[in-house]
Amino acid sequence: MTSGCSATQCDNPTVFDIPHLSKTSEGPDAQALQRVFHITSGIATCIASPALSAKYNVEQDNRQLVVSVTNRTTGEQAWFNEQRTRKPQTFKKDAGGDADKPADPTKGGLNCDFCNWQELTAEDTFGRIELPHAVTGSNLFKYAEPCHGLVLFKHHDPLSFSLEQLADFMTVSDVWFQRSAQEHPDARHGFFIWNALARAGASQYHGHGQLMLSRVPVPTQSSLSAAAAQHTSLHGTCYYQDLLAAHRAAGLLRSCAGDGGQGRAWIASSLAPLKDMEVIIIGDSLSCPAFVRALHASLRALIDELGCQSFNVGILNIPLPQPITQQQQPGQVDQAPAECSGAAMSRGQHHTEQTASGTGIMECGMPTGPVMARVVSRGRVAQVASDFGCLEVVGGASIGHTDPYRVIAAVEEQLQGQGLVDVAGPLQWVWSMSMVCKSMQPQAYWPSRGSARPMPSVYMATLLCWPSSSSQVWVVAHML
659 MTSGCSATQC DNPTVFDIPH LSKTSEGPDA QALQRVFHIT SGIATCIASP
709 ALSAKYNVEQ DNRQLVVSVT NRTTGEQAWF NEQRTRKPQT FKKDAGGDAD
759 KPADPTKGGL NCDFCNWQEL TAEDTFGRIE LPHAVTGSNL FKYAEPCHGL
809 VLFKHHDPLS FSLEQLADFM TVSDVWFQRS AQEHPDARHG FFIWNALARA
859 GASQYHGHGQ LMLSRVPVPT QSSLSAAAAQ HTSLHGTCYY QDLLAAHRAA
909 GLLRSCAGDG GQGRAWIASS LAPLKDMEVI IIGDSLSCPA FVRALHASLR
959 ALIDELGCQS FNVGILNIPL PQPITQQQQP GQVDQAPAEC SGAAMSRGQH
1009 HTEQTASGTG IMECGMPTGP VMARVVSRGR VAQVASDFGC LEVVGGASIG
1059 HTDPYRVIAA VEEQLQGQGL VDVAGPLQWV WSMSMVCKSM QPQAYWPSRG
1109 SARPMPSVYM ATLLCWPSSS SQVWVVAHML
């Protein structure tokens, strides 16, 4: 780790000196630096097993300096960690075999770190969260702080996963965000990342995702929150409601419910895709059964119906526990789910109890909007040309390849195969913002327990009633 110094003190300053430089330098240029850039630094930690420490020559009690630089004006952002230069890359060009199938460099898992996760993945300081089909770990080569975790399928094939396996994958991720946020109450920004295979940015063949908890939001989250607030200010309507309504008007919206009709999630084939075959999924929480079903149907549609072999999933608006208040005892979090506390979550122990998916998660806090997943195809592994050029990297635009109607037809086929589809996708928005603003004591109703609690006066809210249950209401909050 590099110690901070000013430009005049260091003969060869590095990016790791920037946080100190921005705080200690004086003069007009230094003021410009502080106006334009938000710079943070901190130590990200994890525990490496003896085997992992020996394999990659790292300390077992692992501490890594991470620096983030964000342009306050444009939202552009970069993360720096010197240890990332040592990150292993397991993918190699396959000299033989089927060139149109993903090559497994681990010999079917024989040499896979993630198949041997007990020894060859790092562990968060608060331990692991484990269910029958998935388990969490800590990213050994971090680019976020204070928490940068992993979520692993327990089976090896990255493109083969059942609804049950995906439910465990999403549930342990959900609990990880709750637990890490309790450990670091000043970190308020979560981001879920799932890169499938090398073309999508993965460095390991084995199916896995990454879990980020940071003190600064990723630029897309900042832009989304600002855009949603501006949309409401300009139009008096909820952005997420309008987004879904627009896709419904185009015939590109579907919805599905969870077990027993509990919960509801919406699936839109994007009219303005970030990359090819983009699907937008909106629901209650990462582990809500309806949200998991929608995500599973969308991914299976891309893989099984449309020939996708590599994909990205990014999830925004992740709810986190309320920060600890002065009235609370140390270690207590306001209305935290029972699964997030207790001896099972202590250092070095695993969380093995089967949780009730979706229960209690929304009660932990008020997100900036409903949970939103963005799923994109990155194509087939045999494709030589990159799907990112100057238009995407610099221009911030993309070229649509697959017709959105073909994408929604494939999703609908998956949903109909499970008897889940609601083709019309009625929204039934029954609460208006004016009703909330006129109410003397507006209440936030959380679907999992049907209870109400006062909404903070600093928020105004648009309440959205999901059609699956008259008591199931979403709160989209904006700071006044």
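Counting from 659, one number per residue, gives the positions in the sequence shown under my numbering. From the three backbone atoms N, C-alpha and C, an ideal C-beta is built for every residue, glycine too.
Of all the options Leu-944, Phe-784, Val-673, Gln-840, which has the alpha carbon lying nearest to the alpha carbon of Pro-979? Of the candidates Leu-944, Phe-784, Val-673, Gln-840, Gln-840 places its Cα closest to the Cα of Pro-979.
Simplified DSSP assignment, three categories, for Met-935: The three-state secondary structure of Met-935, taken from DSSP, is coil.
Pick from Glu-963, Ile-976, Glu-781, Glu-822: whose alpha carbon is nearest that of Pro-790? Closest in alpha carbon position to Pro-790, among Glu-963, Ile-976, Glu-781, Glu-822, is Glu-822.
How many angstroms separate the CA atom of Leu-944 from the CA atom of Trp-924? Taking the straight line joining both Cα atoms gives about 13 Å.
Asn-715 burial status per 10 Å Cβ neighbour count (16 or more: buried): That one is exposed.
Return the chain-ordered list of same chain residues with a C-beta closer than 7 Å to the C-beta of Lys-745, the five sequence neighbours on each side being excluded. The residues are Phe-799, Ser-861.
The alpha helix (DSSP H) enclosing Thr-829, as first and last residue numbers: The continuous alpha helix (DSSP H) containing Thr-829 extends over residues 821-841.
Which residues bound the alpha helix (DSSP H) around Pro-804? Not the alpha helix (DSSP H): Pro-804 falls in the beta strand (DSSP E), residues 804-811.
Residue range of the beta strand (DSSP E) that includes Ser-726: For Ser-726, the enclosing beta strand (DSSP E) begins and ends at 719-729.
For Leu-798, does the three-state DSSP call read helix, strand or coil? Three-state result, Leu-798: coil.
Coarse secondary structure for Val-1066, derived from DSSP in three states: Note that residue 1066 is Ile in the sequence shown, not Val. Reduced to three states, the DSSP call for Ile-1066 is helix.
Could you tell me which residues DSSP pairs with Ile-925 in its beta bridges? In the DSSP output, where bridge partners are listed per residue, Ile-925 has Arg-912, Ile-939.
Identified DSSP bridge partners for Val-1029: BP columns for Val-1029 point to Gly-941.
Per-residue burial, Asn-729 [other beta carbons within 10 Å of its own, 16 or more giving buried]: By the neighbour-count rule (16 or more Cβ atoms within 10 Å), Asn-729 is not buried but exposed.
When you compare the CB positions of Val-876 and Glu-936, do they come within less than 8 Å of one another, or not? Cβ atoms of Val-876 and Glu-936: not closer than 8 Å.
Taking the DSSP output, what are the residues bridged to Asn-853? The partner list for Asn-853 (beta bridge, DSSP) reads Asn-970.
Which partner residues of Cys-704 appear in the DSSP bridge assignment? Paired residues: Asn-720.
Compute the distance between the beta-carbons of Ser-818 and Leu-808, then report whether it is under 8 Å. In this structure, Leu-808 does not lie closer than 8 Å to Ser-818 by Cβ.
Alpha carbon to alpha carbon, how far is Ala-780 from Ser-707? Ser-707 has its alpha-carbon roughly 7 Å from the corresponding atom of Ala-780.
Got a sec? Which residues, its chain only, sit under 6 Å from Ser-1115 by beta carbon, not counting five neighbours each side? Residue confidence is low: Ser-1115 scores 29 on pLDDT, short of 50, so the model does not pin down where it sits. Its coordinate-derived value is still stated next. Within the same chain, Ser-1115 has no close Cβ partners at all.
Arg-721 versus Thr-703, Val-727, Ser-711, residue with shortest Cα-Cα distance: Nearest in C-alpha terms to Arg-721, of all of Thr-703, Val-727, Ser-711, is Thr-703.
If you draw a straight line from the C-alpha of Ala-688 to the C-alpha of Gly-1053, how long is it? Pairing Ala-688 with Gly-1053, the inter-Cα distance amounts to about 29 Å.
Take Val-1039 as the anchor and find which of Cys-966, Ser-956, Phe-1046, Phe-674 has the nearest alpha-carbon. Restricting attention to Cys-966, Ser-956, Phe-1046, Phe-674, the CA atom closest to the CA of Val-1039 is found in Cys-966.
Grab the span of the alpha helix (DSSP H) containing Ser-883 for me, first residue to last. Counted as a single uninterrupted DSSP element, the alpha helix (DSSP H) harbouring Ser-883 occupies residues 877-893.
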